[in-house]
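S.K.: I'd like to ask some things about the structure below.
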Amino acid sequence: MARWKVWLLPALAAVAQLAYWPGLDFSVRAVTGIAVVAAVTAGLCLRRSRPVVGAAIVTGGLALGTWALPQQEYFVPGDALLLISLMESVALFNVALRCSRRTTVLVVLGMLAVQVVLLIGDEPLDLLVAPALYAVVTALGRVRRRWHEDRSAAAHRLAEAEAARRDAAAAEQRRLARELHDVTAHHLTSIVVNATAAQFVGKPELAAEALAFAARTGRETLVALHQLVSVLPAPPETTTLADLADDFRQLGQVVRLSETGSPPPAQAEALHGIAREALTNTLRYAPGATVALSQTYDETGATLVVADDGPGVASAAAKGLGGGRGLSGMRDRAAAFGGTVMAGPREPGGWEVRASLPAGAAPARLRVWLRSQVVLDAGLLLLALVLPLTGVALMVEEDGVAPTAATLTLLAVVAHAAPLLWRRQRPWTALIAVALTGWLAPLLVATSVLPPAEAWIFLFSTGADLAAVYAVAAYGKKPALTWIGLVGALFSAALVLAGLLVTADDMGVDKVALFLFTAVFGWFGLALPYAASWIAGYATRRRRERRLAGEESAVAVVSAEAQLRARDERARVAAGLHATVLTAAARVPRAAEQNDLDGVIEAARESLAAMRGLLDGLRPAQEVSSSPSA
Numbered sequence: 000m001a002r003w004k005v006w007l008l009p010a011l012a013a014v015a016q017l018a019y020w021p022g023l024d025f026s027v028r029a030v031t032g033i034a035v036v037a038a039v040t041a042g043l044c045l046r047r048s049r050p051v052v053g054a055a056i057v058t059g060g061l062a063l064g065t066w067a068l069p070q071q072e073y074f075v076p077g078d079a080l081l082l083i084s085l086m087e088s089v090a091l092f093n094v095a096l097r098c099s100r101r102t103t104v105l106v107v108l109g110m111l112a113v114q115v116v117l118l119i120g121d122e123p124l125d126l127l128v129a130p131a132l133y134a135v136v137t138a139l140g141r142v143r144r145r146w147h148e149d150r151s152a153a154a155h156r157l158a159e160a161e162a163a164r165r166d167a168a169a170a171e172q173r174r175l176a177r178e179l180h181d182v183t184a185h186h187l188t189s190i191v192v193n194a195t196a197a198q199f200v201g202k203p204e205l206a207a208e209a210l211a212f213a214a215r216t217g218r219e220t221l222v223a224l225h226q227l228v229s230v231l232p233a234p235p236e237t238t239t240l241a242d243l244a245d246d247f248r249q250l251g252q253v254v255r256l257s258e259t260g261s262p263p264p265a266q267a268e269a270l271h272g273i274a275r276e277a278l279t280n281t282l283r284y285a286p287g288a289t290v291a292l293s294q295t296y297d298e299t300g301a302t303l304v305v306a307d308d309g310p311g312v313a314s315a316a317a318k319g320l321g322g323g324r325g326l327s328g329m330r331d332r333a334a335a336f337g338g339t340v341m342a343g344p345r346e347p348g349g350w351e352v353r354a355s356l357p358a359g360a361a362p363a364r365l366r367v368w369l370r371s372q373v374v375l376d377a378g379l380l381l382l383a384l385v386l387p388l389t390g391v392a393l394m395v396e397e398d399g400v401a402p403t404a405a406t407l408t409l410l411a412v413v414a415h416a417a418p419l420l421w422r423r424q425r426p427w428t429a430l431i432a433v434a435l436t437g438w439l440a441p442l443l444v445a446t447s448v449l450p451p452a453e454a455w456i457f458l459f460s461t462g463a464d465l466a467a468v469y470a471v472a473a474y475g476k477k478p479a480l481t482w483i484g485l486v487g488a489l490f491s492a493a494l495v496l497a498g499l500l501v502t503a504d505d506m507g508v509d510k511v512a513l514f515l516f517t518a519v520f521g522w523f524g525l526a527l528p529y530a531a532s533w534i535a536g537y538a539t540r541r542r543r544e545r546r547l548a549g550e551e552s553a554v555a556v557v558s559a560e561a562q563l564r565a566r567d568e569r570a571r572v573a574a575g576l577h578a579t580v581l582t583a584a585a586r587v588p589r590a591a592e593q594n595d596l597d598g599v600i601e602a603a604r605e606s607l608a609a610m611r612g613l614l615d616g617l618r619p620a621q622e623v624s625s626s627p628s629a
């Protein structure tokens with residue numbers, strides 16, 4: 000950012016403050032005031048590079064000026080630093096915009112402490128203005144910070160979509176290679192191992208079981224391969240770890256399962272794939288071994304451990320079946336969730352695979368409650384109550400209104416503004432509540448609870464009505480109908496004003512005529528501010544929707560192009576799969592149905608060889624390895 004933009008605002012504030020002082024001389028107070036303006040200006044120049052230091056200098060300078068020039072006034076008492084004092088809000092806004100939530104809270108508490116010291120002995124209600132003002136300024140800064148973060152996140156999403164578009168074909172190759180390896184490992188390897196074992200034993204009943212297993216698993220293999228390369232991705236795995244353990248028990252493995260907690264569906268699917276690959280490796284390199292399969296999930300994340308006590312040497316039936324992609328596939332699944340996979344020999348003997356997936360960070364309740372929008376609404380509520388509460392205090396002190404009447408009036412004022420806390424989540428409800436509680440004013444006067452001469456206090460509550468109208472236009476459902484809220488609130492406010500005047504009138508004029516005249520006059524008098532509030536809210540909504548639509552459209556276009564590239568790559572791989580692997584895989588169930596155990600083994604091995612050739616064609620040459628999965 001250009002340097003002149005940093006010091007332009009402080010310079011303008013200093014010039015305006017010096018021009019505001021009439022008849023400057025060289026008295027001690029004038030020199031002190033000029034020194035204060037210079038200090039505040041210097042502090043404000045640091046609002047971007049060192050916002051906390053800048054805010055401290057601004058607050059300290061203004062506190063010194065307030066103490067050194069307590070009685071000087073031009074319009075109201077203590078207004079000598081009227082214009083330059085507005086720069087404290089600018090400094091606080093930059094702290095909220097550029098610093099952490101904790102730092103912002105500490106700065107606000109420090110500013111409030113300074114205000115408490117300066118306002119000792121003044122009216123108690125004066126202490127309400129500073130917290131309300133600080134809350135609103137802070138919330139505005141945090142909202143602006145979130146706006147910048149959202150824009151940065153949108154740009155990051157678009158950059159990720161662009162990267163995904165460029166890498167779509169390669170990413171689809173990696174996905175297909177991983178899934179094809181899983182199919183070969185879990186299905187075809189099981190067929191070879193089971194059929195070879197039955198052939199070696201030579202018992203007819205075992206051969207019959209092996210043939211039935213080959214026919215069933217061969218058909219499942221064909222279905223899985225067809226789903227894998229179809230236009231849509233393969234459906235997610237629906238079996239549980241218990242089902243997976245049962246499948247491997249039927250193949251001769253002793254699997255002991257332990258589960259604690261239930262991870263989210265996406266993590267559960269990834270862990271299932273890792274467990275399947277690890278168990279298949281135990282079938283290759285530790286046939287008949289005892290395998291401990293355990294899965295835990297808690298607030299720290301999910302952990303999967305597959306440990307066996309086998310020798311780690313491939314059986315004769317499993318030799319040459321490894322494709323060299325098992326460990327990399329497991330790591331890819333874990334890395335998608337920010338996790339890790341470690342594999343290696345165990346100390347007592349055997350092999351262990353350990354996968355760890357971290358849990359997503361859950362926001363603290365206090366942090367959720369202190370979100371900028373909530374603080375902004377609370378600050379807005381305090382600002383809406385400052386003038387009415389000041390009026391109630393004056394009513395008690397100067398007019399001698401009874402405590403009961405003052406208390407009921409105070410409750411009515413608070414009830415009228417309180418619905419603003421829900422203006423974002425339920426704007427229509429908030430508007431209706433504000434409109435209905437507005438009728439408490441004429442009710443209190445009509446029932447003689449409040450003297451008619453004090454009815455003016457409710458005019459200060461109009462700010463709540465304007466904020467509610469703005470909220471309906473900005474956040475209400477069905478934007479085309481939010482004008483109904485404007486018209487309804489305007490009519491209600493005009494009628495309340497007329498009712499208040501009629502109940503407070505003691506001149507003996509025609510009540511009906513006075514009511515109608517006041518209602519019409521009030522409607523036209525309030526139409527401009529109410530319409531301005533609605534227009535401002537509706538314009539805010541339109542800007543927000545256009546911005547979000549533009550961001551989402553850009554990401555959607557790039558994502559669609561990435562999907563097209565991935566689909567083209569799937570079609571290319573599908574052509575190779577049909578030409579080689581599926582032809583051999585289709586012979587497995589046919590040979591099983593013809594009771595040809597040798598044909599089953601030959602077809603399954605041929606399909607595995609074709610699969611390895613296809614997998615090697617899907618990865619760079621340096622990744623090609625004939626070593627088995629570890």
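Taking numbering that gives the first Met the number 0, the leading residue of the sequence shown gets 0, the next gets one more, and so forth.
Even glycine gets a Cβ: it sits at the ideal position worked out from N, Cα and C.
In this text the structure is predicted, and so the values were computed from the model without any measurement.
1. Determine the closest residue to Val254 out of Gly260, Ser261, Asp246, with distance taken between C-alpha atoms.
2. What's the C-alpha gap between Glu453 and Met394?
3. Evaluate the contact criterion for the region 536-546 versus the region 563-580: three or more CB pairs, one atom per stretch, below 8 Å.
4. In whole angstroms, give me the CA-to-CA distance for Ala170 and Ala335.
5. Cβ of Ala244 within 9 Å of Cβ of Leu270?
6. Just verifying my parser: in three-state terms, what is the DSSP assignment at Gly349?
7. Less than 8 Å between the CB atoms is what I'm expecting for Leu139 and Met86, so what's the real figure, rounded?
8. May I ask you to report which of helix, strand or coil DSSP gives Thr302?
9. Starting from the C-beta of Leu278, find all residues in its chain whose C-beta is less than 6 Å away, skip the five residues before and the five after it, and write them out in chain order.
10. Quick test of your reading: Val250 and Ser189, contact by CB under 8 Å. State the CB separation rounded to the nearest angstrom.
11. Quick one: which unbroken beta strand (DSSP E) runs of 3-plus residues sit fully inside the region 233-298? Chain order, please.
12. Checking the sheet assignment: what are the DSSP bridge partners for Pro357?
13. For Glu605 and Arg164, I'd like the C-alpha separation in whole angstroms.
14. Cα-Cα, which of Ala342, Gly60, Arg422, Leu205 is closest to Tyr469?
15. Does DSSP put Thr579 in a helix, a strand or coil?
16. I'd like the list of long-range same chain contacts for Asn594, defined as Cβ closer than 7 Å, with 5 residues on each side in sequence excluded.
17. At which residues does the beta strand (DSSP E) containing Gly343 begin and terminate?
18. From which residue to which residue does the alpha helix (DSSP H) around Val444 run?
19. Which residue marks the beginning of the alpha helix (DSSP H) containing Asp308, and which one marks its end?
20. In whole angstroms, give me the CA-to-CA distance for Leu596 and Asp166.
21. Suppose only complete runs of 3+ residues qualify. What are the beta strand (DSSP E) ranges in the region 89-121, listed by chain order?
22. Do you know how far the Cα of Arg145 is from the Cα of Pro9?
23. Use the C-beta contact count for Pro262: other C-beta atoms within 10 angstroms, 16 or more gives buried, fewer gives exposed.
24. Is it the case that the Cβ atoms of Leu384 and Val413 are separated by a distance below 9 Å?
25. From what residue to what residue does the alpha helix (DSSP H) around Gln593 run?
26. Does DSSP put Lys477 in a helix, in a strand, or in coil?
27. Would you call the CB atoms of Ala411 and Thr428 closer than 9 Å?
28. Whose C-beta lies closer than 8 Å to the C-beta of Gly612 among residues of the same chain, with five residues either side of it excluded?
29. Spatial neighbours of Ser293 within its chain, please: C-beta separation below 6 Å, excluding the five flanking residues on both sides.
30. Does the separation of the CB atoms of Ala602 and Ala590 fall below 9 Å?
31. Let's test the definition: count the other Cβ atoms within 10 Å of the Cβ of Val115 and tell me whether it reaches 16, buried, or not, exposed.
32. Using the rule of at least 16 other Cβ atoms within 10 Å of the residue's Cβ for burial, across every protein chain shown, is Val136 buried or exposed?
33. Please work out which residues of its chain come closer than 7 Å, Cβ to Cβ, to Asp297, disregarding the five sequence neighbours upstream and downstream, and give them in chain order.
34. Are Leu91 and Val107 close, meaning C-beta to C-beta below 9 Å?
35. Once DSSP output is grouped into helix, strand and coil, what is the label at Gln562?
M.R.: Considering the structure as presented:
1. Position 255 of the sequence shown, counted from the start, is the residue given in the question as residue 254. When only C-alpha atoms are compared, the closest one is Asp246.
2. Locating residue 453 in the sequence shown gives position 454, counting from the first residue. Locating residue 394 in the sequence shown gives position 395, counting from the first residue. Their backbone Cα atoms lie some 7 Å apart in a straight line.
3. no
4. As a first step, residue 170 must be located in the sequence shown, where it is residue number 171. As a first step, residue 335 must be located in the sequence shown, where it is residue number 336. Going by the C-alpha atoms only, they are around 12 Å apart.
5. Working through the sequence shown from its first residue, we reach residue 244 at position 245. Working through the sequence shown from its first residue, we reach residue 270 at position 271. Their beta carbons are not under 9 Å apart, which means Ala244 does not touch Leu270 by this criterion.
6. Position 350 of the sequence shown holds residue 349. Looking at Gly349 - three-state DSSP - the assignment turns out to be coil, as it is neither helix nor strand.
7. One-based indexing of the sequence shown puts residue 139 at position 140. One-based indexing of the sequence shown puts residue 86 at position 87. So it is not a contact: roughly 15 Å between Cβ atoms.
8. Start at 1 with the first residue of the sequence shown, and residue 302 comes out as number 303. Here Thr302 sits in strand by DSSP.
9. Taking the first residue of the sequence shown as position 1, residue 278 is located at position 279. These residues qualify, in order along the chain: Phe247.
10. Numbered from 1 along the sequence shown, position 251 holds the residue referred to as residue 250. Numbered from 1 along the sequence shown, position 190 holds the residue referred to as residue 189. The sequence as given places Leu at residue 250; Val does not occur at that position. Indeed they touch by this definition, with Cβ atoms about 6 Å apart.
11. 253-259, 289-297
12. Translated into positions along the sequence shown, residue 357 becomes position 358. According to DSSP, Pro357 bridges with Gly300.
13. If you number the sequence shown from 1, residue 605 lands on position 606. If you number the sequence shown from 1, residue 164 lands on position 165. C-alpha separation (whole angstroms): 35 Å.
14. To locate residue 469, count along the sequence shown from 1; it is residue 470. Looking at the Cα atoms, Arg422 is the closest of the given residues.
15. The residue given as residue 579 occupies position 580 in the sequence shown. Here Thr579 sits in coil by DSSP.
16. Within the sequence shown, numbered from 1, the residue matching residue 594 stands at position 595. Contacts found: Leu210.
17. The residue labelled residue 343 in the question sits at position 344 within the sequence shown. 339-344 is the extent of the beta strand (DSSP E) around Gly343.
18. The residue you call residue 444 lines up with position 445 of the sequence shown. 439-445 is the span of the alpha helix (DSSP H), which, as asked, contains Val444.
19. Along the sequence shown, one-based indexing puts residue 308 at 309. Premise fails: Asp308 is in no alpha helix (DSSP H) and is neither H nor E.
20. Locating residue 596 in the sequence shown gives position 597, where the first residue counts as 1. Locating residue 166 in the sequence shown gives position 167, where the first residue counts as 1. Whole-angstrom Cα-Cα distance: 44 Å.
21. none
22. Looking up residue 9 in the sequence shown gives position 10. Looking up residue 145 in the sequence shown gives position 146. Roughly 25 Å separates the two Cα atoms.
23. The sequence position of residue 262 within the sequence shown is 263, counting from 1. With 16 or more Cβ atoms within 10 Å of its Cβ, Pro262 is classed as buried.
24. Taking the first residue of the sequence shown as position 1, residue 384 is located at position 385. Taking the first residue of the sequence shown as position 1, residue 413 is located at position 414. Result yes, Cβ atoms of Leu384 and Val413 sit closer than 9 Å.
25. As a position in the sequence shown, residue 593 is number 594, starting the count at 1. Gln593 -> no alpha helix (DSSP H), and no H or E assigned at all.
26. What you label residue 477 is simply residue 478 of the sequence shown in a count that begins at 1. Coil at Lys477, not helix or strand.
27. To locate residue 411, count along the sequence shown from 1; it is residue 412. To locate residue 428, count along the sequence shown from 1; it is residue 429. In this structure, Thr428 does not lie closer than 9 Å to Ala411 by Cβ.
28. Within the sequence shown, the letter at position 613 stands for residue 612. Contacts found: Thr579.
29. Start at 1 with the first residue of the sequence shown, and residue 293 comes out as number 294. The answer, listed in chain order, is Ser257, Val304.
30. The sequence position of residue 602 within the sequence shown is 603, counting from 1. The sequence position of residue 590 within the sequence shown is 591, counting from 1. Result yes, Cβ atoms of Ala602 and Ala590 sit closer than 9 Å.
31. What you label residue 115 is simply residue 116 of the sequence shown in a count that begins at 1. Exposed.
32. For the purposes of this step, residue 136 is taken as residue 137 along the sequence shown, with counting starting at 1. It is buried - the Cβ of Val136 has at least 16 other Cβ atoms within 10 Å.
33. Numbered from its first residue, the sequence shown carries residue 297 at position 298. Once the five neighbours on either side are set aside, the close Cβ partners of Asp297 are Gly260.
34. Locating residue 91 in the sequence shown gives position 92, where the first residue counts as 1. Locating residue 107 in the sequence shown gives position 108, where the first residue counts as 1. The answer is yes: Cβ separation under 9 Å.
35. Along the sequence shown, one-based indexing puts residue 562 at 563. Three-state result, Gln562: helix.
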